[in-house]
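Notes for the one structure printed next.
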Amino acid sequence: MRAFVQSVGKGAFDSVQYAGGTFTLFLRTLFWIAVPPFRARHVFEQMVKTGVDSFAISTLTSFFIGVVIAFQSAYQMMKVNADIYIPSLVSISMTREIGPILTALVVAGRVGASIAAELGSMKVTEQIDALETLAANPVKYLVAPRFIALFTMLPLLTIYADFVGMVGGYLVGVYKLGLTHSIYMKMTFEPLVLKDIFTGLFKTLVFASIICVISCFEGMRVEGGAEGVGNATTKAVVTSFILIIVSDAIFTIVFYFL
Amino acid sequence: MIEVKKVSKSFNNRLVLNEIDLTVEKGETLVIIGRSGCGKSVLLKHMIGILRPDKGDLFIDGISMASLSGKQMNQLRMRFGMLFQFAALFDSMTVGENVGFALIEHTSLSHRAISERVEESLELVGLKGIQDLKPAELSGGMKKRVALARAICMRPEFLLYDEPTTGLDPIMADAINDLINELHDKLKVTSVAVTHDMVSAYKIATRIAMMYQGRIIKIGTPDEIRNTQDPVVRQFITGSASGPITDIQFKSLEQIGGDRSS
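Protein chains in written order, with my numbering: chain A, 637 to 894; chain B, 713 to 974.
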């Protein structure tokens, strides 16, 4: 019993410590972003790595999810002769939910893992210490450019994913389910309001912060060589996934009542 | 001058530095020797402010490091250069970008002036015309030289060497020792090196300090250390497997074994 209480207590203490560490890193990142000089070249490099290089995988996943949503909804809608609402279902679910969360999960897996592994390798080979000896702040130099890049590229990727998902739905609706082009377009955009797009994009900003802060935090506290780097990478991806899904659920509930 | 006053540091309840007192005189090369894991590198990292002591303070030319703000600490660090054990070159950058890193970050020098200084620094360590190579394309010895070029590029007053000859073949190790002596004479720097390579220690040191169990137990000129009768120092410098250092280890291992069996 005592051991159980001790283990729960230690778990709670570790969680609070982890939350404190990541939140402190988040605040330090915001502080160092505001401190000049602005490293445009570093930010641009990270934008290419996080955003441009993620376009292919984002296209693939969003397109097929659009196709799946259209087919899955057709399965139900056609039973009640409501197949005309399939385009609306695809567009609203892509912009409000699926686009943001799917893109965030893809980026967390691809970019978050890469950030944790890169920073982790830098930590174990003393490159982060070397930065400090050269009077360069590691948060300013390593975290801030990645944060700005993710903060700008994840919303752009999400808009693109929303669009590609709708294209997937369109192909199913028009070429398989027999809806006309004009009906499909009308039913896609008519029920779509700006709030749907903005709530989706707002969430991506939170997801971008989660991916960057968790991955950098895990990378920068690596200990123990290659094994440590591997563990940090796994932990960065798993923690980002959990936090993205939990925060998405919270936002969905909050936006439902707004 | 670097003064270490009553500095203590623990990691996970293990005392690594135990109220260390040490003074590095201006212009000398102090070599800190001791077994692997005895806290030599930890002490070196305190000198450049990467680690902060749990207790005690360090003074650089009389300036207390504990009282410095982040900005002041960075200004102080620019007076230092440090060579890491495994070079710690930034592998995403070229050799030129590595060597000129501090100049690019902290000065408003023109691109041309930085290139000239980078070339000059590389020449000082005997490497020329490799600015465009990536660290992955270099041998171990070349990496150490490039790291040394990066450390001296800002023309520091203090140079810290963490295991400068570890992982190098004896010829390259000797070449690095010569280079350390050459840089010391040319740049008139105050140097601190940590090593367990006694050949290197005798060759580059003005004074040698021996670290054991978190403390400095002996300090003196290379000749004084070579001729000391202190059994702990003697065992270390002669590289003997039997002696007071290993006796203590065996005793603690036996004690752990005894505790487990009872």
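Think of the CB as a built atom: it goes at the ideal place given N, C-alpha and C, for glycine as much as any other residue. This one's a predicted model, so the numbers in the text were calculated from it and none came from an experiment.
Considering only residues of the same chain and omitting the five flanking positions on each side of residue i, which have a CB-CB separation below 7 angstroms?
i                 : result
Phe834 of chain A : none
Ser694 of chain A : Thr739, Val742, Leu793, Tyr796 and Ala797
Ser974 of chain B : Summary for Ser974 of chain B: the model assigns pLDDT 48, below 50, so the residue's position carries little reliability; its value from the coordinates is reported in the next sentence. Counting only Cβ-Cβ distances below 7 angstroms, and skipping sequence neighbours, we find nothing.
Leu601 of chain A : Outside the shown range of chain A, which is 637 to 894, sits residue 601 of chain A, and nothing can be said about it.
Asp884 of chain A : Ile737 and Lys839
Ser776 of chain B : Asp769
Val944 of chain B : Tyr924, Ile929, Pro956 and Ile957
Strictly below 8 angstroms CB to CB, what residues from chain A border residue i?
i                 : result
Arg789 of chain B : Glu768, Thr769, Leu770 and Ala771
Phe813 of chain B : Leu770 and Ala772
Using a Cβ cut-off of 8 angstroms, pull out every chain B residue sitting near residue i, in sequence order please.
i                 : result
Glu762 of chain A : Phe796, Gln797, Phe798 and Ala800
Asp765 of chain A : Lys757, Ile762, Phe796 and Ala800
I need the boundaries of the alpha helix (DSSP H) containing residue i, first residue and last residue.
i                  : result
Glu715 of chain B  : No alpha helix (DSSP H) holds Glu715 of chain B; the beta strand (DSSP E) holding it covers Ile714 to Phe723.
Ile819 of chain A  : His817 to Phe825
Gln642 of chain A  : Arg638 to Ala670
Phe699 of chain A  : Phe691 to Met713
Gly801 of chain A  : Ala780 to Tyr811
Phe948 of chain B  : Pro943 to Thr950
Pro723 of chain A  : Ile722 to Ser729
Ala676 of chain A  : Ala676 to Thr686
Leu841 of chain A  : Leu830 to Met856
Gly955 of chain B  : Here Gly955 of chain B belongs to no alpha helix (DSSP H), and DSSP marks it neither H nor E.
Phe611 of chain A  : Chain A is shown only over 637 to 894; residue 611 of chain A falls outside these bounds and no answer can be derived.
Gly1011 of chain B : The structure shown does not extend to residue 1011 of chain B, since chain B is modelled only from 713 to 974, so the question has no answer here.
Enumerate in chain order the residues of its own chain whose CB-to-CB distance from residue i is below 8 angstroms, with the five nearest sequence positions on each side excluded.
i                 : result
Asp766 of chain B : Ser720, Lys721 and Ser722
Gln712 of chain A : none
Lys717 of chain B : Asp733, Gly768, Asp769, Leu770 and Phe771
Gln843 of chain B : Thr806, Val807, Gly808, Val811, Ser827, Val830, Glu831 and Leu834
Leu821 of chain B : Leu815 and Arg829
Val882 of chain A : none
Along the beta strand (DSSP E) that carries residue i, what are the first and last residues, could you check?
i                 : result
Gly932 of chain B : Arg927 to Gly932
Given residue i, which residues of its chain have a CB within under 6 angstroms of its CB, disregarding the five upstream and five downstream residues?
i                 : result
Leu860 of chain B : Leu795 and Val837
Ala885 of chain B : Thr877
Tyr873 of chain B : Leu795 and Ala905
Lys776 of chain A : Trp668
Thr731 of chain A : Asp798, Asp832, Ile833 and Gly836
Val752 of chain B : Note that residue 752 of chain B is Lys in the sequence shown, not Val. Ile744, Gly746, Val906 and Met923.
Phe787 of chain A : Ala844
Glu854 of chain A : Ala752, Ala868, Lys871 and Ala872
Taking only beta-carbon atoms, is residue i less than 8 angstroms away from chain C?
i                 : result
Ala655 of chain A : Absent from the structure is chain C; the protein chains it does hold are A and B.
Worksheet item: Taking the runs of the beta strand (DSSP E) that are 3 residues or longer, which of them lie wholly in the stretch 888-923 of chain B?
Response: Entirely contained in the stretch 888-923 of chain B, the beta strand (DSSP E) runs reaching 3 residues are, in chain order, 902-907.
Practice prompt. Pick out the complete alpha helix (DSSP H) segments inside the stretch 734-800 of chain B, 4 residues or longer, and give them in chain order.
Written response: Complete alpha helix (DSSP H) runs here, min 4: 752-759 and 782-789.
Discussion item. Runs of 3 residues minimum, wholly inside the stretch 821-896 of chain B: which ones carry the beta strand (DSSP E) assignment?
Written reply: Those beta strand (DSSP E) runs which fall completely within the stretch 821-896 of chain B and span 3+ residues are 870-874.
Worksheet entry | Chain-ordered residues of the stretch 817-834 of chain B with a beta carbon less than 7 angstroms from chain A | Here the close residues are Glu817 and His818.
Fill in: Proximal residues, the stretch 763-794 of chain B versus chain A, C-beta separation under 7 angstroms
Within the stretch 763-794 of chain B, contact with chain A at the beta-carbon level (separation under 7 angstroms) is assigned to Asn786, Arg789, Met790, Phe792 and Met794.
Worksheet item: What are the complete alpha helix (DSSP H) segments, minimum 4 residues, inside the stretch 731-776 of chain A?
Response: Qualifying alpha helix (DSSP H) stretches, in chain order: 735-743, 749-760 and 763-769.
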